[in-house]
Amino acid sequence: MSSITRRRALGVAAGAAGAVAVLAQAGPAATAAPRAAATDPASFDEVYQGRRIQGGPAHGGGHHGGHHGGGYTVTVDGRELHVMRNADGTWISVIHHYEPVATPRELARAAVRELRGAPLVPLALG
758 MSSITRRRAL GVAAGAAGAV AVLAQAGPAA TAAPRAAATD PASFDEVYQG
808 RRIQGGPAHG GGHHGGHHGG GYTVTVDGRE LHVMRNADGT WISVIHHYEP
858 VATPRELARA AVRELRGAPL VPLALG
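So the sequence shown is numbered by my numbering: it starts at 758 and just counts up by one.
See below:
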């Protein structure tokens with residue numbers, strides 16, 4: 758086993774000092790936990806390009822229980838669209854995975870455009 762070198766110790770110390778400096782400049786808002794009520798997206802129910810899209814707080818009926826979606830469910834024509842909320846507050850789905858959007862409504866609309874009339878096939882997780 759190799760022992761820690763002076764260069765490695767200085768590198769770790771410099772990295773830690775840099776992280777402390779960044780947090781100190783960001784202030785207390787950067788370390789505070791986000792308020793869920795202020796960031797929860799609004800429910801929606803609309804017809805978009807001939808498809809019924811709905812979204813709202815999950816009530817435990819989904820196959821994943823809202824685990825990735827932060828307790829939010831989106832459906833296209835009554836079939837669940839697996840959604841995930843990113844750490845930065847944007848949303849992605851299994852259909853629209855590489856282009857995050859700001860709201861679940863935008864995500865449902867993007868999924869409808871990608872489906873181009875095809876039915877949403879449920880995601881088998883397990």
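For glycine and all other residues, C-beta sits at the position ideal for the given N, C-alpha and C. Remember, it's a predicted structure, so these values are computed and weren't measured experimentally.
Counting every other CB atom within 10 Å of its CB across the protein chains shown gives Val840 a total of 16 or more, marking it as buried.
Cβ neighbours of Pro876 within its own chain (closer than 8 Å, five residues either side excluded): Asp834 and Arg836. Taking all protein chains in view, the Cβ of His853 is crowded by 16 or more other Cβ atoms within 10 Å, so the residue is classified as buried. When secondary structure is reduced to three states using DSSP, Leu872 falls in the helix class. Judged by DSSP secondary structure, Ser850 falls within the beta strand (DSSP E) whose first and last residues are Trp848 to Ser850. Pro857 sits away from Tyr829, with the two beta carbons spaced by 7 Å or more. By the Cβ-count criterion, Ile810 is buried, with 16 or more other Cβ atoms from all chains shown falling within 10 Å of its own Cβ. Following the DSSP letters along the chain, one finds Pro814 inside the beta strand (DSSP E) bounded by residues Arg808 to Pro814. Partner residues in the beta bridge of Arg836, as assigned by DSSP, are Val833.
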